[in-house]
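See below for the structure under consideration.
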Amino acid sequence: MNTQKHATPFDPTIDAVVSNLSGKPDSHHAVALVEGSTPELAAETNDLLRDRLKVASLLLFTGFLAFLIKNLFSLAANETTFDWILLAVHTVTTVTTGLVGLRLCSECPVIRRHLRLAELVVFGGSGSFFLLVSCALLTETADEGYIRSVAPIWLLLIFTYALFVPNTWRRAAFVIGAMAAAPVILVSGFWFVAPDALLDNIRFRAYPIEVTMLMTLCAVIAVWGVHTIGTLRRVAFEAKQLGQYRLKQQIGQGGMGEVYLAEHVLLKRPCAIKLIRPEKAGDANSLARFEREVKATAKLTHWNTVEIFDYGRSDNGTFYYVMEYLPGLNLGQLVEMHGALPPERVIHLMMQTCEALGEAHRKNLIHRDIKPGNIFAANRGGVYDVAKLLDFGLAKPLVDLEDSGLTQEGSITGSPLFMSPEQASGESRPDARSDIYSLGAVAYYLLAGEPLFSGMNAMKIMIAHVSKEPVPLIERNASLPEDLSAIVMRCLQKNPQDRFQDAESLREALADCRDAGNWTREQARSWWENYGCPNKKALDREVFATNSI
């Protein structure tokens, strides 16, 4: 799993996301993840909109129904055509708002997917009806030299919308502005067709100005109220997350979830959070494995192993895994962007990785998914090319059996391009020597610029790991030192007995190479200052500039 990949444009994929708990909650606390304007808060807003829209539509329906019944009982024989049109629109508006409210009460999946459309139906329909009512109010007594105020019904609609519909202030300003403008335009237009008796009324001459001032003031108050309510809602949402994490932006995505740049709400410490959604978490056995392995990995203390800050499960069932944010690139990205690495740099990175693996193996923790994307060349404390080993099988999904052409039962973990023969065959349980093979495959890729086996589907690549001898590294690049090439090829032996038996033995062999120690801190700093990914470097600068004291 490529923990630190940036989503664009240099992010090929991220293999997976973390998880933690088994099917039943354990003593580790549930955590809600704050996402500002990100999907989590958006989902909460969507739920709130559904609930508020349901209440608003039912309240409007109740009011419309009450007045409709009153109007039906007060029908007169001399009703005009306009009166019958108004009654018909009143009836349609009442039925429509009632139906929307009932569908929202019944958790209708169609209307849940189109809440903003339902909002338009409820408030747009009500606005259309109020427009006709306003026309009636303006005309029914105009010949007698006075008119009834049209403002109250529009104020009712404006403040109902402002109170019940969660919104950004910009969107609210657009909608409320349209509602406030309707009576202003109507009254201003009526000025040109008003009867003489009304025009002679000195109070009516100022009426359009009064309506304009009143509706403008009320619209400003309503929009400000929407902004205040929204701010308070966000503050309340974040207040519940005391001591937790705020997701800032997505920096990667894979088959099992997403990776986010985040920060601790109180400490303001940058970190990377991997989320694995409940629907992708797998069965209870997978969850139990996630919990067991994240706890084991959290006990690792070597500086070449990525540091785990926290893990757990959010209130909505999403599993998470929090680790240090690493400036730099993973080794896969380095090769994709800049081609094969020089031998001395490969030795430098591999020796550090061996040290991290050594600690894990001594604690009986097998990685099972060593690949270029899980080894990071990071900047730590001003030192460049600090190798960081990521993800001890925490969130690597099983190889997709359908895509790989596999139909048999069983669990095959790892990445096909870099998995050991015993992982590919599934005939024996991988041990530390399996990680040695995978690390050798990574070194081969770094030195040759291409993997051991390629150009085949996952199934054929796995078979090749079991039965096919790789092209000797020296044949891929004749300029490579023989001692380093021999070490890499020994790591790639099919029989685990023929490989280095532990990470320390491999590290010592690398230390004896002619080019060992030739990659200096100054060279690493110079390389990173002149190369790397501009987008990731910009993100790294932003992260640590924002979080500097």
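Mapping to our numbering: the sequence shown position 159 is 160, numbers consecutive.
Positions of the beta carbon are idealized from the N, C-alpha and C atoms, including for glycine.
Just so we're clear, the structure is a prediction, and the values are computed from it rather than from any experiment.
Classification of W192 by the beta-carbon crowding that lies within 10 angstroms, buried from 16 upward: exposed
Per-residue DSSP class, three states only, for I277: If DSSP states are grouped into helix, strand and coil, I277 belongs with the strands.
Straight-line gap, I252 to I348 (C-alpha atoms, nearest Å): 29 Å
Boundaries of the beta strand (DSSP E) in which M324 is found, first to last residue: F320 to E325
Neighbourhood of G102 by C-beta distance below 7 Å, restricted to the same chain and skipping five residues each side: Only residues of its own chain outside the window of five on either side were considered, and among them K55, S58, L59 and F62 have a CB closer than 7 Å to the CB of G102, listed in chain order.
For V260: DSSP bridge partner residues: Partner(s): G253 and K275.
Bounding residues of the beta strand (DSSP E) (the contiguous stretch that carries Y438): Premise fails: Y438 lies in the alpha helix (DSSP H), A433 to A449, not in any beta strand (DSSP E).
Backbone CA spacing between L121 and R104 [nearest angstrom]: Going by the C-alpha atoms only, they are around 15 Å apart.
For K269, the three-state DSSP class (helix, strand or coil): coil
Residue environment, V384, which counts as buried when at least 16 other CB atoms sit within 10 Å: exposed
CB of V443 within 8 Å of CB of L366, strictly: no
Y321 and L276 closer than 8 Å at C-beta: Contact annotation: Y321 and L276 have beta-carbon atoms nearer than 8 Å.
8 Å contact criterion, which P452 and L418 should meet: CB distance rounded: Between L418 and P452 the Cβ distance is about 5 Å, and since that is below 8 Å, they are a contact.
Under 8 Å between C-beta atoms of G125 and T98: no
Own chain partners of V472 with C-beta closer than 6 Å, once the 5 adjacent residues on each side are dropped: none
Residues bridged to F377 [DSSP beta-bridge criterion]: N331 and K389
Local Cβ density within 10 Å of P153, reported as buried at 16 or more and exposed below that: exposed
Contacting residues, own chain, Cβ-Cβ under 8 Å from L132 (five flanking each side not counted): A183 and L187
Presumed contact (8 Å Cβ cut-off) between F501 and A510, rounded CB distance: Contact holds; Cβ gap of about 7 Å.
Cβ-based neighbour list, Y532, same chain, cut-off 7 Å, excluding 5 preceding and 5 following: H339
Spatially closest choice to P482 from T140, S506 and R515, by CA coordinates: R515
Local conformation of D48 per DSSP, three classes: helix
Residue nearest to R381 in terms of C-alpha spacing, selected from L330, E80 and A67: Ranked by Cα distance from R381, the first of L330, E80 and A67 is L330.
Beta-carbon gap between N305 and L233 smaller than 8 Å: no
Outcome for R117 when other beta-carbon atoms lying within 10 angstroms are tallied against a minimum of 16: exposed
Simplified DSSP state of Y162, which is helix, strand or coil: Of the three classes helix, strand and coil, the one that applies to Y162 here is helix, per DSSP.
L342, DSSP secondary structure in three states: It is coil, neither helix nor strand.
Expected contact under 8 Å - CB spacing of G231 and N168 to nearest Å: 7 Å
Buried or exposed by the 16-neighbour rule on C-beta atoms within 10 Å, applied to L540: Here L540 is buried. Its C-beta has 16 or more other C-beta atoms within 10 Å.
For F309, the first and last residue of its enclosing beta strand (DSSP E): Sequence inspection shows Ile at residue 309; the Phe mentioned does not correspond to that position. Counting along the chain, the beta strand (DSSP E) containing I309 begins and ends at I309 to R314.
Coarse secondary structure for R113, derived from DSSP in three states: helix
As assigned by DSSP and simplified to three states, the class of Y532: coil
Three-way DSSP call (helix, strand, coil) for L88 in this model: helix
Of the residues L76, C106, D48 and V123, the one placed nearest F65, counting alpha carbons only: Of the candidates L76, C106, D48 and V123, the one whose C-alpha sits nearest the C-alpha of F65 is V123.
CA-to-CA distance, I437 to E428, given in whole angstroms: 18 Å
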